[in-house]
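Chemist: This is the structure, below, for whatever I ask next.
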């Protein structure tokens, strides 16, 4: 799920406003954009990039390692299945408000075929100095720089803040993985932590979580087994129980998904949990 500059990236929705804008920035940064998908404009060239009828079609001409989705919710299911059938090892689903039953189907399809879904409702992934896929501001060197700290976040904005704090304190990132804020997702926080722990450039890991769901508690079981030190910040400490806050998964039911339960699980696994994002860099340094 960590993208490098050699990965061949196809953009579903390339010819739309957002697809055009972000594909240009990704390509300029170093991401290997090999084309886009729009059945109505297949065979044309858009901003110097070929447009294909499908990812399966693109795979026969240019190859596909990674796909990124700039598509509306109603089209996400078909687009993801197309990317998986094309052999993409990673599908970055930026789209939010995808119906849960569609998400369940596309995640199941991906797992059956050995593909990894990042998202839905993710801001994307970044490998500083190499490539980014999505709409994280990788091109801003005040936020992202090459380094050895892997960052996992459900929230794109909080993930950006964590990376900013690391960079302004002289620490860089080995990779950023945005797992997305939806309650049903293709990549869990635990999956992302495992991937970073196996990444040779990652010497420490930052986990940015939030109330609701059980992703952080599940990640704690992985954190307890890895060698790298882990620092975490959990958003939503003061949120009232039973009230939906922010992301679709950010809701507390009884004692499940609470700030306390997440903090307790992470600290029991050996992670350092900080009270504010401004303390992340100092905690990483130890």
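Numbering (the working numbering), first residue to last: 155 to 440. Built from N, CA and C at the ideal position, the CB exists for glycine as well.
Taking only runs that begin and end inside the region 299-385, name each unbroken alpha helix (DSSP H) of 4 or more residues, in chain order.
Modeler: The region 299-385 contains these whole alpha helix (DSSP H) runs: 310-322, 343-351 and 369-377.
Chemist: Only counting the same chain, and skipping five residues up and downstream in sequence, which positions put a Cβ closer than 6 angstroms to that of residue 207?
Modeler: Contacts found: 193 and 196.
Chemist: Excluding the five sequence neighbours on either side, which residues of its own chain have a C-beta within less than 6 angstroms of the C-beta of residue 380, listed in chain order?
Modeler: Here the set comprises 351.
Chemist: Is there contact between the region 168-184 and the region 230-242, where contact requires at least three CB pairs shorter than 8 angstroms?
Modeler: The region 168-184, when compared against the region 230-242, does not touch it at the 8 angstroms Cβ threshold.
Chemist: Could you have a look at residue 246 and say whether DSSP puts it in helix, strand or coil?
Modeler: Looking at residue 246 - three-state DSSP - the assignment turns out to be strand.
Chemist: Measuring CA to CA, which of 191, 219, 205 and 203 is closest to residue 160?
Modeler: It is 219 whose Cα lies nearest to the Cα of residue 160.
Chemist: In angstroms with no decimal places, state the Cα-to-Cα distance between residue 339 and residue 248.
Modeler: Answer to the nearest angstrom: the Cα atoms are 12 angstroms apart.
Chemist: Quick one: what's got a C-beta closer than 7 angstroms to residue 330's C-beta in the same chain, skipping five residues either side?
Modeler: Hits under 7 angstroms: 279, 280, 290, 305, 313 and 317.
Chemist: Counting only runs that start and end within the region 188-255, where is the alpha helix (DSSP H) found for 4 or more residues in a row?
Modeler: For the region 188-255, whole alpha helix (DSSP H) runs of length 4 or above, ordered along the chain, are 209-215 and 227-239.
Chemist: Hey, would you say residue 287 sits closer than 7 angstroms to residue 254, going by beta carbons?
Modeler: Result no, Cβ atoms of residue 287 and residue 254 do not sit closer than 7 angstroms.
Chemist: Give every residue of the same chain whose Cβ lies closer than 7 angstroms to the Cβ of residue 378, excluding the five residues on either side of it in the sequence, and list them in chain order.
Modeler: So the list reads 423 and 424, once near-sequence residues are dropped.
Chemist: Please report the distance separating the alpha-carbon of residue 172 from that of residue 298.
Modeler: So the alpha carbons of these two residues sit roughly 22 angstroms apart.
Chemist: Relative to the alpha-carbon of residue 301, which residue among 315, 294 and 324 has its alpha-carbon at the smallest distance?
Modeler: Residue 301 has its Cα closest to that of 324, out of 315, 294 and 324.
Chemist: For residue 286, report the span of its beta strand (DSSP E) as first-last.
Modeler: Where residue 286 is concerned, the enclosing beta strand (DSSP E) stretches over 285-288.
Chemist: Could you tell me the alpha carbon to alpha carbon distance between residue 277 and residue 333, rounded to whole angstroms?
Modeler: About 8 angstroms.
Chemist: Please name the residue in 363, 354 and 229 whose C-alpha comes closest to that of residue 315.
Modeler: The residue with the shortest Cα to Cα distance from residue 315 is 363.
Chemist: Given a threshold of 16 other Cβ atoms within 10 Å of its Cβ, counted over all protein chains shown, does residue 175 qualify as buried or as exposed?
Modeler: Its Cβ having fewer than 16 others within 10 Å, residue 175 is exposed.
Chemist: Given that a residue counts as buried once 16 or more other Cβ atoms are within 10 Å of its Cβ, and exposed if not, what is residue 274?
Modeler: Residue 274 comes out buried.
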